[in-house]
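**Q**
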Amino acid sequence: MNALKNSFQKLFYYPSAMLGIFVILLLVFTAIYAMIKIPYREAIRLWRGGEEVWYQNPKFAPPSWINLFSKKKYAESFSVRTSDGTITKEVTPGAEGTSTISASYTFDFASDYYPQDMILYLTSKYQAKQPFISVEWLTPDGRKIRIVNTVLSQKQTYRFSQDAKLQTKLKTDNVIPALFSDPETHDLIRGKYQLLITGATFEPDSDINVEYVFHGQVYGLAGTDQARRDLVVPLLWGAPIALAFGLIASLGTSVLTMVIAAVGTWYGGWIDELIQRITEINLVLPFFSILIMIGTFYSRSIWVILGATILLNIFTGSIKAYRSIFVQVKESMYIEAARAYGASSPRIVFLYLIPRMIPLLIPGLVSSVPAFVFLEASLALLGLGDPVLPTWGKIIEDANANGALYRGYYYWILEPATLLMITGLGFAMLGFALDRIFNPKLREV
Amino acid sequence: MAVVAQPTLEKAAPKKGRHENTFTRVSRYVVLRLLTLFVTVVISIYLTVMIANMGGFVDKIMKGEIRDRVTGSIAGNTAYLKMDPAVRQKLINDRIAAEEERIGLNIPVAVRNFRYMSNALTLQLGRAINMTSDSGSKQVRLILLERLPATLLLMGVSQLFLFFSSVFLALNLSRRYGSFWDKLVVTLSPTSAVPPWFYGIFLILIFAALFKILPFGGMVDSPPPSNSIDYSLSVLKHLTLPAIALILSSFFLSIYNYRTFFLIYSSEDYVEMAKAKGLPARDVEQRYILRPTLPNIITNFALLIITLWSGALFTETVFLWPGLGRTLYQAIGLYDIPIIVGSTIIYAYLLAITVFLLDFIYALVDPRVKIGG
């Protein structure tokens, strides 16, 4: 045990190992943060959600931080509503149960592009008499444009760009640019814009709520995809899934391989023979084709794929490598001694043979994690990812299916790809360093 | 691909008491080995057929598809509109039965699995269910043969380059142990944890999307150039990115592995001895370092040849390269079992033949190894 501790202390001499450990710790924290911040059910709901969950976001919006790298600034998307106080609403009661409602939202518009669209989601509560609403638009140069006057139903959506009346009034087909530019020169005007909403209700319990959605070109920390989903959710949740898949698969594979090799070598005879034959058959089976077949014909659940991966990876070349070492270890003196004092076979296998091999197991285990993390991503790329879970591979698949590279949505591929790459490199760097520490023969030469 | 196998010296002959005729020993070994390999191939192919058929699950999908297609084609045909509904229904049922018989769905699953297997073993790859070759044939053999050149081109260029360049560079590095380049390779070797298709995406992004100097994917411009020089130039242009992706993803690890391997062998006592004798460095390298590593290098080369055949499934898919890997993926998507089984069987056979031949090649290059000893 002390030797093991010493070996781990040697890690400090390897900068790449420290970097690897740092990356892995960062991933673990991200994973924990993701699971606390967005509980599993919520994450699935968000990832599977359609328009009803994500209507506030524009489609294919790059993350807002690309403004840092671009000379021309893109408009940032936002949404505000009266229900949570982001738009302040004032209710002035009038005579006979009527009331006047006024709400306004002022925002600073500083981008070099017109927003894609603006939408008002209006909800109202009434018994018989429908409330009335009027919307006005105040530009920085002091013009006041009347947008719409309408009677409200329970639930109503108003899209600025699709209003024919507004189009005639502004004498243009493109309402949004007209609202944000000078009527004479057609130049874009930056500055404080104000949306003024005045409503009137005619019943005591009647109420109006407004949500103002502004679709710019960019959105949030990670951008959005074809279904308007905020990519922060799958990027965050990709971490625990990738870690779980990679670690479980590599742990399962290497431990089972080692145990089976140890059992086979110790008992010998037909068990050993059987293990060797299974290994030969398994080597002939095409691994990826079988995984793809299982994914296509049977189940795409990540757990089924994980199980199949482990099963197909047990009987590989490494079982032969372990076996050849176990054959030597089996003959060593301490095993002889254990046998002499009457240790049982399972005791020898699990307490004497296998612990001897832990130095070999650990580097192999860490180094094989990236392969499994990328396996999940590769299967997702072919459309065989878990249909429910948000993973990094699924983002790449969506991006690839929507031609992200052809259409210039680079952020969409680069974000998950960078995370995958960092994860893979983190484990690989640590694994390499461990390998050189635990197998000094490679280091000494 | 980039795995340097440890030397398997299991066959190193333990001294036996009685003398045996070399011919009987070798022939007995050959027969036994061929038998075990054959059984291995049979079992693995049966397993593939079974998984490909997934307990008859695929049959249901295919039956449903046939019903859908036949009903649709008859309902959509105006000539049948005036027909009596009962007669038309009978026509539909007859057509479905004929179609199911054509594919062989009327035979029980277990029997069909055996039939698939025995056909596969005798290399009668049969006819594809849904896929056709570009020339319009449904013969699995023709479909696979048609895609083979594309795969061989891509994999041949990348893997052969990878093999020779990494052996050559590794040998150079092992001479200059601890130099800057050596350290660089060691530092960069973890980059091989990333699969080729992943590098492919980055390469497409940089060279196709941003700089627009190389194509996004495919194998040749559309429409293909008519003269053969332009045609090969166009193929070369399309080949660049996938080949680089494949090379890049194993390059450093491959060099690192061979280098470590050469270093281990060059620290042997007999190498020191040879150096002490004053032999020229070139002779030491060729006779004392390269010679004992030959079996491993041959193993790697043989395994490399097999990967040429199986193709690079994901890389071909990302680059839309019309090779075997992508065909296999398409076949799985179309539930085209004959093609899946066909490519598996060829892979299995090739692997078995390679394993068999390797035993003899070992004996040729390594005097310590004795066949059937």
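Those protein sequence lines, which keep their order, are chains S and L.
Going by our numbering, the first residue of the first sequence is number 1, and it counts up by one from there.
Going by our numbering, the first residue of the second sequence is number 446, and it counts up by one from there.
Note that the Cβ used here is the ideal one computed from N, Cα and C, for glycine as well.
1. Assuming residue 369(S) and residue 238(S) form a contact by the criterion Cβ under 8 Å, report the distance between their Cβ atoms to the nearest whole angstrom.
2. Are there three or more Cβ pairs, one per stretch, closer than 8 Å when the stretch 183 to 193 of chain S is compared with the stretch 20 to 29 of chain S?
3. Give the DSSP-derived three-state secondary structure of residue 189(S) in the structure shown.
4. Please go through the same chain and pick out, in chain order, the residues whose beta-carbon is closer than 7 Å to the beta-carbon of residue 607(L), but skip the five residues on each side of it.
5. Helix, strand or coil for residue 463(S), going by three-state DSSP, please let me know.
6. Could you tell me whether any Cβ in chain S is nearer than 8 Å to the Cβ of residue 648(L)?
7. Helix, strand or coil for residue 801(L)? Go by DSSP, reduced to three states.
8. Can you tell me the Cα-Cα spacing of residue 480(L) and residue 419(S), whole angstroms?
9. So what's residue 165(S) in DSSP terms, helix, strand or just coil?
10. Hey, quick one: how far does the alpha helix (DSSP H) through residue 423(S) stretch, first residue to last?
11. Note down, in chain order, all residues in the stretch 373 to 390 of chain S with a beta-carbon under 7 Å from any beta-carbon belonging to chain L.
12. For the stretch 375 to 382 of chain S and the stretch 360 to 367 of chain S, state whether three or more C-beta atom pairs, one from each stretch, are separated by less than 8 Å.
13. Residue 74(S) and residue 66(S) - do their beta-carbons sit closer together than 8 Å?
14. Using the beta-carbon count (16 or more within 10 Å), is residue 109(S) buried or exposed?
15. Check the Cβ-Cβ distances between residue 61(S) and every residue of chain L, and say whether any is below 8 Å.
16. Within the 8 Å Cβ cut-off, does residue 405(S) reach chain L?
17. Classify residue 593(L) as helix, strand or coil using the three-state DSSP reduction.
18. Counting only beta-carbon atoms, is residue 793(L) nearer than 8 Å to chain S?
19. Residue ranges of each alpha helix (DSSP H) run of no fewer than 4 residues wholly in the stretch 624 to 683 of chain L, ordered along the chain?
20. Along the stretch 424 to 435 of chain S, where does the CB come closer than 8 Å to a CB of chain L? Name the residues.
21. Of all Cβ atoms in chain S, is any one closer than 8 Å to the Cβ of residue 588(L)?
22. Nearest chain S C-beta to residue 641(L) closer than 8 Å, yes or no?
23. Within a Cβ cutoff of 7 Å, which residues of the same chain sit near residue 431(S), ignoring the five residues on either side of it in sequence?
24. Using the three-state DSSP reduction, which class does residue 571(L) fall into: helix, strand or coil?
25. When we look at the beta-carbon of residue 800(L) and count the other beta-carbons within 10 Å, is it buried (16 or more) or exposed?
26. Measuring straight from C-alpha to C-alpha, what distance separates residue 680(L) and residue 329(S)?
27. Closer than 8 Å between beta carbons: that is the criterion. Which residues of the stretch 289 to 312 of chain S meet it against chain L?
28. Applying the 10 Å Cβ sphere with the 16-neighbour rule, what's the burial state of residue 498(L)?
29. Judging by CA-CA distance, which residue of 126(S), 137(S) and 395(S) is the nearest neighbour of residue 202(S)?
30. According to DSSP, is residue 781(L) helix, strand or coil?
31. From the beta carbon of residue 42(S), is the nearest beta carbon of chain L less than 8 Å away?
32. If you run the structure through DSSP and keep just helix, strand and coil, what is residue 528(L)?
33. Can you tell me the Cα-Cα spacing of residue 128(S) and residue 207(S), whole angstroms?
34. Which same chain residues, not among the five before or five after residue 621(L), have their C-beta less than 7 Å away from its C-beta?
35. So, are the CB atoms of residue 222(S) and residue 213(S) less than 8 Å apart?
36. Beta-carbon separation of residue 571(L) and residue 812(L) under 8 Å?
**A** Let's see:
1. A Cβ-Cβ distance of about 15 Å is found for the pair residue 369(S) and residue 238(S), leaving them out of contact under the 8 Å criterion.
2. Result no; under three Cβ-Cβ pairs closer than 8 Å.
3. Three-state result, residue 189(S): coil.
4. Around residue 607(L): 692, 695, 696 and 699.
5. Only positions 1 to 445 of chain S appear in this structure, which leaves residue 463(S) out of reach.
6. No, no contact with chain S.
7. Helix, per DSSP.
8. For residue 480(L) and residue 419(S), the distance between alpha carbons rounds to 48 Å.
9. Taken through DSSP and simplified to helix, strand or coil, residue 165(S) comes out as helix.
10. Where residue 423(S) is concerned, the enclosing alpha helix (DSSP H) stretches over 410 to 438.
11. Result list: 374, 378, 381 and 382.
12. No, the stretch 375 to 382 of chain S is not in contact with the stretch 360 to 367 of chain S.
13. Yes.
14. Buried, by the Cβ-count rule.
15. Chain L places no beta carbon closer than 8 Å to that of residue 61(S), leaving this residue out of the contacts.
16. Interface with chain L (8 Å Cβ-Cβ cutoff): residue 405(S) is included.
17. Three-state result, residue 593(L): helix.
18. Chain S places a beta carbon closer than 8 Å to that of residue 793(L), counting this residue as a contact.
19. Those alpha helix (DSSP H) runs which fall completely within the stretch 624 to 683 of chain L and span 4+ residues are 625 to 633 and 641 to 648.
20. Hits within the stretch, in order: 424, 425, 427, 428, 429, 431 and 432.
21. Not closer than 8 Å to any Cβ of chain S, the Cβ of residue 588(L) fails to qualify, so no.
22. Using beta-carbon distances, residue 641(L) does not count as an interface residue toward chain S, since no partner is under 8 Å.
23. Closer than 7 Å at Cβ, skipping near neighbours: 363, 366 and 367.
24. Residue 571(L): coil per DSSP, three-state reduction.
25. Residue burial annotation: residue 800(L) is buried, with at least 16 other C-beta atoms found within 10 angstroms of its C-beta.
26. The straight-line gap from Cα to Cα measures roughly 54 Å.
27. Answer set for the stretch 289 to 312 of chain S: 289, 290, 292, 293, 294, 296, 297 and 298.
28. Buried, because 16 or more other Cβ atoms sit within 10 Å of the Cβ of residue 498(L).
29. Ranking the options by Cα distance to residue 202(S), first place goes to 126(S).
30. It is coil, neither helix nor strand.
31. The beta carbon of residue 42(S) sits no closer than 8 Å to any beta carbon of chain L.
32. Coil.
33. If I take the Cα positions, the gap works out to 13 Å.
34. For residue 621(L), the CB contacts under 7 Å within the same chain, skipping 5 residues up- and downstream, are 627 in chain order.
35. No, Cβ-Cβ distance for residue 222(S) and residue 213(S) is not below 8 Å.
36. Between residue 571(L) and residue 812(L), the CB-CB gap reaches or exceeds 8 Å.
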